[in-house]
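Residue numbers for the sequence shown follow our numbering, beginning at -12 and rising by one. A virtual CB, placed ideally from N, CA and C, is assigned to each residue, including glycine. Down below is the structure, laid out as C-alpha coordinates.
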Amino acid sequence: MVGLDLVDFADPAFRDAGPAANLQLVGQRTVEKVLEEHATGLGAVVRRGAEVTGFEADDEGVTVFVGGERVRAGWLIGCDGGRSLVRKLAGFDFPGTDPEITGRQASGVDVTVRSIHSATRFTDNARQATTYRRGRVLLAGDAAHVHSPFGGQGLNLGIGDAVNLGWKRAATVRGDAPDGLLDTYPVERHPIGEWVLEWTRAQIAAMRPDPHAKALRSVLTDLLTTGDGATYLAKKLSGVPHRYPVDSDHDLAGKSAPDFEFTDGSRLADHCGDGRAVLIGARIDDERVRVAPGESSGGPFSRP
-12 MVGLDLVDFA
-2 DPAFRDAGPA
8 ANLQLVGQRT
18 VEKVLEEHAT
28 GLGAVVRRGA
38 EVTGFEADDE
48 GVTVFVGGER
58 VRAGWLIGCD
68 GGRSLVRKLA
78 GFDFPGTDPE
88 ITGRQASGVD
98 VTVRSIHSAT
108 RFTDNARQAT
118 TYRRGRVLLA
128 GDAAHVHSPF
138 GGQGLNLGIG
148 DAVNLGWKRA
158 ATVRGDAPDG
168 LLDTYPVERH
178 PIGEWVLEWT
188 RAQIAAMRPD
198 PHAKALRSVL
208 TDLLTTGDGA
218 TYLAKKLSGV
228 PHRYPVDSDH
238 DLAGKSAPDF
248 EFTDGSRLAD
258 HCGDGRAVLI
268 GARIDDERVR
278 VAPGESSGGP
288 FSRP
(Lines of atoms letter the chains of each structure in order from A and count residues from 1; the text may use other names and numbers.)
(Lines give C-alpha, C1' and ligand atoms only; values in the text may rest on other atoms or scores of the structure.)
Protein backbone atom coordinates (compact mmCIF):
# COMPACT_ATOMS: atom_id res chain seq x y z
CA MET A 1 0.00 0.00 0.00
CA VAL A 2 1.12 3.55 -0.71
CA GLY A 3 0.28 6.53 1.48
CA LEU A 4 -1.48 9.29 -0.48
CA ASP A 5 0.42 11.81 1.62
CA LEU A 6 3.58 10.77 -0.24
CA VAL A 7 2.11 11.39 -3.71
CA ASP A 8 3.11 14.63 -5.43
CA PHE A 9 -0.23 15.77 -6.83
CA ALA A 10 1.49 18.90 -8.16
CA ASP A 11 3.04 16.66 -10.81
CA PRO A 12 1.98 17.92 -14.29
CA ALA A 13 0.40 14.53 -14.99
CA PHE A 14 -2.30 15.30 -12.41
CA ARG A 15 -2.96 18.84 -13.65
CA ASP A 16 -6.67 19.66 -13.94
CA ALA A 17 -7.78 16.08 -13.49
CA GLY A 18 -11.20 17.34 -12.40
CA PRO A 19 -13.73 15.77 -10.03
CA ALA A 20 -12.86 12.28 -11.32
CA ALA A 21 -9.55 12.55 -9.47
CA ASN A 22 -11.37 12.02 -6.17
CA LEU A 23 -11.32 8.37 -5.12
CA GLN A 24 -14.77 6.81 -4.84
CA LEU A 25 -15.45 3.25 -3.69
CA VAL A 26 -18.54 2.01 -5.55
CA GLY A 27 -19.76 -1.58 -5.65
CA GLN A 28 -19.84 -3.38 -8.98
CA ARG A 29 -23.60 -3.94 -8.77
CA THR A 30 -24.16 -0.21 -8.40
CA VAL A 31 -21.90 0.55 -11.35
CA GLU A 32 -23.72 -2.00 -13.52
CA LYS A 33 -27.10 -0.56 -12.52
CA VAL A 34 -26.06 2.99 -13.42
CA LEU A 35 -24.61 1.88 -16.76
CA GLU A 36 -27.70 -0.17 -17.64
CA GLU A 37 -30.08 2.68 -16.78
CA HIS A 38 -28.07 5.06 -18.94
CA ALA A 39 -27.90 2.59 -21.85
CA THR A 40 -31.63 1.83 -21.80
CA GLY A 41 -32.35 5.54 -21.54
CA LEU A 42 -30.55 5.96 -24.85
CA GLY A 43 -32.64 3.22 -26.45
CA ALA A 44 -30.44 0.17 -25.93
CA VAL A 45 -32.15 -3.17 -25.32
CA VAL A 46 -30.65 -5.43 -22.64
CA ARG A 47 -31.58 -9.11 -23.04
CA ARG A 48 -30.85 -11.27 -20.02
CA GLY A 49 -30.68 -15.05 -20.23
CA ALA A 50 -30.34 -14.92 -24.03
CA GLU A 51 -27.47 -17.26 -24.90
CA VAL A 52 -25.45 -16.67 -28.05
CA THR A 53 -24.74 -20.04 -29.69
CA GLY A 54 -22.98 -18.90 -32.84
CA PHE A 55 -22.77 -16.36 -35.65
CA GLU A 56 -21.96 -15.98 -39.33
CA ALA A 57 -19.97 -12.98 -40.53
CA ASP A 58 -19.61 -11.68 -44.08
CA ASP A 59 -18.49 -8.47 -45.77
CA GLU A 60 -21.87 -6.80 -45.20
CA GLY A 61 -22.56 -7.72 -41.57
CA VAL A 62 -23.06 -10.45 -38.99
CA THR A 63 -25.92 -12.88 -38.33
CA VAL A 64 -26.01 -13.88 -34.65
CA PHE A 65 -27.87 -16.92 -33.33
CA VAL A 66 -29.21 -15.92 -29.91
CA GLY A 67 -32.01 -17.35 -27.80
CA GLY A 68 -33.40 -19.38 -30.69
CA GLU A 69 -33.48 -16.30 -32.96
CA ARG A 70 -31.41 -15.02 -35.86
CA VAL A 71 -30.37 -11.39 -35.38
CA ARG A 72 -28.79 -9.48 -38.25
CA ALA A 73 -26.48 -6.55 -37.49
CA GLY A 74 -23.76 -4.58 -39.18
CA TRP A 75 -21.19 -5.42 -36.52
CA LEU A 76 -20.64 -7.85 -33.65
CA ILE A 77 -18.67 -6.70 -30.61
CA GLY A 78 -17.72 -9.52 -28.26
CA CYS A 79 -17.86 -8.26 -24.67
CA ASP A 80 -18.64 -11.72 -23.32
CA GLY A 81 -15.84 -12.15 -20.80
CA GLY A 82 -12.66 -14.13 -20.46
CA ARG A 83 -14.20 -17.32 -21.88
CA SER A 84 -15.60 -15.36 -24.83
CA LEU A 85 -17.50 -17.51 -27.32
CA VAL A 86 -17.24 -14.70 -29.87
CA ARG A 87 -13.45 -14.70 -29.60
CA LYS A 88 -13.24 -18.47 -29.98
CA LEU A 89 -15.65 -18.77 -32.91
CA ALA A 90 -14.07 -15.83 -34.76
CA GLY A 91 -10.64 -17.45 -34.47
CA PHE A 92 -8.80 -14.77 -32.51
CA ASP A 93 -5.43 -15.95 -31.19
CA PHE A 94 -5.29 -15.59 -27.39
CA PRO A 95 -1.70 -16.23 -26.21
CA GLY A 96 -0.45 -15.65 -22.68
CA THR A 97 0.65 -17.26 -19.44
CA ASP A 98 -1.12 -19.87 -17.35
CA PRO A 99 -2.02 -19.37 -13.66
CA GLU A 100 0.64 -20.38 -11.19
CA ILE A 101 -0.38 -19.06 -7.76
CA THR A 102 -3.01 -20.62 -5.50
CA GLY A 103 -4.50 -19.12 -2.36
CA ARG A 104 -2.56 -21.41 -0.07
CA GLN A 105 0.74 -20.61 -1.76
CA ALA A 106 0.06 -16.90 -1.41
CA SER A 107 -0.98 -17.02 2.25
CA GLY A 108 1.14 -19.95 3.40
CA VAL A 109 -1.66 -21.40 5.53
CA ASP A 110 -4.82 -23.44 5.11
CA VAL A 111 -8.04 -21.48 5.62
CA THR A 112 -11.29 -22.95 6.91
CA VAL A 113 -14.36 -21.16 5.54
CA ARG A 114 -17.32 -21.27 7.95
CA SER A 115 -19.74 -18.86 6.27
CA ILE A 116 -19.91 -16.95 2.99
CA HIS A 117 -21.48 -13.51 2.55
CA SER A 118 -20.41 -13.05 -1.07
CA ALA A 119 -18.03 -14.95 -3.28
CA THR A 120 -16.09 -14.59 -6.50
CA ARG A 121 -13.06 -16.22 -7.98
CA PHE A 122 -10.08 -15.17 -10.04
CA THR A 123 -6.72 -16.46 -11.22
CA ASP A 124 -3.46 -14.94 -12.34
CA ASN A 125 -4.09 -16.24 -15.85
CA ALA A 126 -2.85 -13.51 -18.22
CA ARG A 127 -3.77 -13.56 -21.90
CA GLN A 128 -4.44 -11.06 -24.66
CA ALA A 129 -5.87 -11.37 -28.16
CA THR A 130 -3.24 -10.59 -30.79
CA THR A 131 -5.70 -8.19 -32.42
CA TYR A 132 -9.08 -6.80 -31.40
CA ARG A 133 -10.64 -6.88 -34.87
CA ARG A 134 -11.33 -9.49 -37.53
CA GLY A 135 -13.50 -7.97 -40.23
CA ARG A 136 -16.92 -7.14 -38.79
CA VAL A 137 -16.18 -8.82 -35.46
CA LEU A 138 -14.45 -6.91 -32.66
CA LEU A 139 -13.48 -7.64 -29.05
CA ALA A 140 -13.56 -5.44 -25.96
CA GLY A 141 -13.06 -5.88 -22.23
CA ASP A 142 -12.24 -9.30 -20.78
CA ALA A 143 -13.01 -10.93 -24.12
CA ALA A 144 -9.88 -9.19 -25.44
CA HIS A 145 -7.66 -9.54 -22.37
CA VAL A 146 -7.65 -11.34 -19.03
CA HIS A 147 -5.36 -10.83 -16.05
CA SER A 148 -5.30 -10.98 -12.27
CA PRO A 149 -7.28 -8.26 -10.45
CA PHE A 150 -4.18 -6.95 -8.63
CA GLY A 151 -3.82 -3.24 -9.23
CA GLY A 152 -7.53 -2.69 -9.86
CA GLN A 153 -7.16 -2.05 -13.59
CA GLY A 154 -9.76 -4.43 -15.04
CA LEU A 155 -12.84 -2.19 -15.08
CA ASN A 156 -10.86 0.85 -16.20
CA LEU A 157 -9.35 -1.14 -19.04
CA GLY A 158 -12.69 -2.45 -20.25
CA ILE A 159 -14.40 0.94 -20.09
CA GLY A 160 -11.47 2.45 -21.96
CA ASP A 161 -11.99 -0.11 -24.72
CA ALA A 162 -15.71 0.67 -24.85
CA VAL A 163 -15.24 4.44 -25.01
CA ASN A 164 -12.57 4.20 -27.72
CA LEU A 165 -14.56 1.75 -29.83
CA GLY A 166 -18.00 3.22 -29.19
CA TRP A 167 -17.57 6.61 -30.81
CA LYS A 168 -15.60 5.15 -33.71
CA ARG A 169 -18.27 2.57 -34.48
CA ALA A 170 -20.98 5.22 -34.17
CA ALA A 171 -19.17 7.45 -36.67
CA THR A 172 -18.71 4.48 -39.00
CA VAL A 173 -22.39 3.52 -38.84
CA ARG A 174 -23.44 7.13 -39.51
CA GLY A 175 -21.10 7.29 -42.48
CA ASP A 176 -19.07 10.13 -40.94
CA ALA A 177 -15.87 8.18 -40.32
CA PRO A 178 -12.79 8.52 -42.50
CA ASP A 179 -11.39 5.37 -44.04
CA GLY A 180 -9.58 3.19 -41.53
CA LEU A 181 -11.01 4.79 -38.39
CA LEU A 182 -12.05 1.44 -36.87
CA ASP A 183 -8.57 0.09 -37.55
CA THR A 184 -7.21 2.61 -35.05
CA TYR A 185 -9.12 0.89 -32.23
CA PRO A 186 -6.73 -2.09 -31.83
CA VAL A 187 -3.75 0.13 -32.63
CA GLU A 188 -4.59 2.43 -29.71
CA ARG A 189 -6.04 -0.01 -27.19
CA HIS A 190 -3.86 -3.11 -27.61
CA PRO A 191 -0.73 -1.44 -26.12
CA ILE A 192 -2.76 -0.33 -23.08
CA GLY A 193 -3.96 -3.89 -22.51
CA GLU A 194 -0.42 -5.17 -22.94
CA TRP A 195 0.80 -2.74 -20.29
CA VAL A 196 -1.86 -3.87 -17.80
CA LEU A 197 -0.85 -7.51 -18.31
CA GLU A 198 2.79 -6.62 -17.65
CA TRP A 199 1.75 -4.63 -14.57
CA THR A 200 -0.24 -7.49 -13.05
CA ARG A 201 2.42 -10.07 -13.93
CA ALA A 202 4.97 -7.98 -12.05
CA GLN A 203 2.76 -8.06 -8.96
CA ILE A 204 2.33 -11.82 -9.26
CA ALA A 205 6.09 -12.21 -9.48
CA ALA A 206 6.48 -10.25 -6.24
CA MET A 207 3.95 -12.52 -4.49
CA ARG A 208 5.77 -15.77 -5.12
CA PRO A 209 6.61 -17.62 -1.89
CA ASP A 210 10.36 -17.85 -2.44
CA PRO A 211 13.46 -15.95 -1.22
CA HIS A 212 13.88 -14.09 -4.52
CA ALA A 213 10.35 -12.66 -4.38
CA LYS A 214 10.78 -11.81 -0.70
CA ALA A 215 13.89 -9.77 -1.53
CA LEU A 216 12.03 -8.11 -4.40
CA ARG A 217 9.16 -7.13 -2.09
CA SER A 218 11.61 -5.58 0.35
CA VAL A 219 13.21 -3.44 -2.36
CA LEU A 220 9.82 -2.40 -3.77
CA THR A 221 8.59 -1.43 -0.31
CA ASP A 222 11.59 0.86 0.14
CA LEU A 223 10.97 2.47 -3.24
CA LEU A 224 7.24 2.97 -2.72
CA THR A 225 7.74 4.71 0.61
CA THR A 226 9.55 7.54 -1.19
CA GLY A 227 7.81 10.50 -2.79
CA ASP A 228 9.03 9.63 -6.28
CA GLY A 229 8.06 5.98 -5.90
CA ALA A 230 4.58 6.75 -4.55
CA THR A 231 3.97 9.32 -7.30
CA TYR A 232 5.13 6.87 -9.97
CA LEU A 233 2.70 4.23 -8.70
CA ALA A 234 -0.20 6.70 -8.42
CA LYS A 235 0.32 7.84 -12.01
CA LYS A 236 0.45 4.26 -13.23
CA LEU A 237 -2.75 3.31 -11.43
CA SER A 238 -4.58 6.42 -12.64
CA GLY A 239 -3.63 5.83 -16.26
CA VAL A 240 -2.52 9.42 -16.82
CA PRO A 241 0.83 8.48 -18.46
CA HIS A 242 -0.91 6.47 -21.20
CA ARG A 243 -0.56 7.90 -24.67
CA TYR A 244 -2.09 6.67 -27.91
CA PRO A 245 0.25 6.42 -30.91
CA VAL A 246 -0.45 9.46 -33.09
CA ASP A 247 1.38 11.17 -35.93
CA SER A 248 2.55 14.15 -33.88
CA ASP A 249 5.57 15.06 -31.76
CA HIS A 250 3.61 17.43 -29.50
CA ASP A 251 3.85 16.49 -25.81
CA LEU A 252 0.06 16.41 -25.39
CA ALA A 253 -0.88 14.61 -28.60
CA GLY A 254 -2.42 11.22 -27.87
CA LYS A 255 -2.90 11.88 -24.15
CA SER A 256 -6.13 12.34 -22.25
CA ALA A 257 -7.26 15.97 -22.29
CA PRO A 258 -7.01 17.70 -18.89
CA ASP A 259 -10.46 18.49 -17.52
CA PHE A 260 -10.09 22.28 -17.64
CA GLU A 261 -12.42 24.50 -15.64
CA PHE A 262 -14.07 27.25 -17.70
CA THR A 263 -14.90 30.74 -16.47
CA ASP A 264 -18.57 29.82 -16.08
CA GLY A 265 -17.70 27.01 -13.65
CA SER A 266 -18.28 24.16 -16.09
CA ARG A 267 -15.53 21.76 -17.09
CA LEU A 268 -14.26 20.50 -20.43
CA ALA A 269 -15.81 17.06 -19.92
CA ASP A 270 -19.25 18.69 -19.52
CA HIS A 271 -19.06 19.94 -23.12
CA CYS A 272 -17.72 16.83 -24.83
CA GLY A 273 -20.65 14.46 -24.32
CA ASP A 274 -22.38 15.19 -27.63
CA GLY A 275 -19.18 15.04 -29.67
CA ARG A 276 -19.53 18.63 -30.89
CA ALA A 277 -16.93 20.37 -28.72
CA VAL A 278 -13.96 22.20 -30.19
CA LEU A 279 -11.15 23.43 -27.92
CA ILE A 280 -9.25 26.36 -29.42
CA GLY A 281 -6.16 28.10 -28.12
CA ALA A 282 -5.97 26.65 -24.61
CA ARG A 283 -2.56 26.01 -23.11
CA ILE A 284 -1.66 23.62 -20.34
CA ASP A 285 -0.71 26.60 -18.13
CA ASP A 286 -3.97 28.52 -18.67
CA GLU A 287 -5.78 28.94 -15.37
CA ARG A 288 -9.16 29.05 -17.10
CA VAL A 289 -10.53 29.16 -20.61
CA ARG A 290 -13.75 30.62 -21.90
CA VAL A 291 -16.80 28.95 -23.39
CA ALA A 292 -17.96 30.37 -26.72
CA PRO A 293 -21.78 30.07 -26.67
CA GLY A 294 -23.65 29.34 -29.87
CA GLU A 295 -26.24 27.13 -31.49
CA SER A 296 -24.94 23.86 -32.91
CA SER A 297 -25.75 23.47 -36.58
CA GLY A 298 -23.72 20.33 -37.15
CA GLY A 299 -20.52 20.00 -39.08
CA PRO A 300 -18.16 17.55 -40.76
CA PHE A 301 -16.65 14.79 -38.67
CA SER A 302 -13.00 15.39 -37.88
CA ARG A 303 -10.37 13.70 -35.80
CA PRO A 304 -7.04 15.28 -34.81
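First and last residue of the uninterrupted beta strand (DSSP E) at residue i
| i | result |
| --- | --- |
| V51 | V49 to V53 |
| G28 | Per DSSP, G28 belongs to no beta strand (DSSP E); it is in the alpha helix (DSSP H), Q15 to G28. |
| V58 | E56 to A60 |
| V124 | V124 to L126 |
| G41 | V39 to A44 |
With 16 other Cβ atoms within 10 Å as the buried cut-off, status of residue i
| i | result |
| --- | --- |
| P245 | buried |
| V98 | exposed |
| I103 | exposed |
| E24 | exposed |
| L126 | buried |
| R59 | exposed |
| G260 | exposed |
| R70 | exposed |
| V100 | exposed |
Cβ-Cβ separation, residue j to residue i (assumed contact under 8 Å), whole Å
| i | j | result |
| --- | --- | --- |
| F81 | R114 | 5 Å |
| H173 | T208 | The residue asked about is misnamed: residue 173 is Pro in this sequence, not His. In fact, because the Cβ distance is near 37 Å, the residues do not count as touching under 8 Å. |
| A217 | L211 | 6 Å |
| A26 | D67 | Not a contact, Cβ separation roughly 16 Å. |
| P232 | E175 | 7 Å |
| A44 | G122 | 6 Å |
| H132 | L184 | 7 Å |
Start-to-end residues for the alpha helix (DSSP H) that takes in residue i
| i | result |
| --- | --- |
| T208 | P198 to L211 |
| V73 | L72 to A77 |
| L(-9) | Unbroken run through L(-9): none, as it is neither H nor E. |
| A130 | Element bounds for A130: n/a, residue is neither H nor E. |
Rounded C-alpha distance that separates residue i from residue j
| i | j | result |
| --- | --- | --- |
| L12 | V18 | 10 Å |
| R34 | V53 | 10 Å |
| A189 | D215 | 19 Å |
| P86 | P136 | 13 Å |
| E310 | V51 | Past the boundaries of the shown model lies residue 310; the chain is included only from -12 to 291, so the question cannot be answered. |
| G295 | A77 | The question about residue 295 has no answer here: the residues shown for the chain are numbered -12 through 291. |
| W186 | H134 | 10 Å |
| E181 | R195 | 22 Å |
| A158 | S205 | 50 Å |
| H258 | L(-7) | 33 Å |
| A256 | K201 | 44 Å |
| T213 | A31 | 48 Å |
| G141 | I179 | 11 Å |
| R57 | L168 | 29 Å |
May I ask you to verify whether the segment 140 to 157 touches the segment 238 to 252, counting CB pairs closer than 8 Å and requiring at least 3? no
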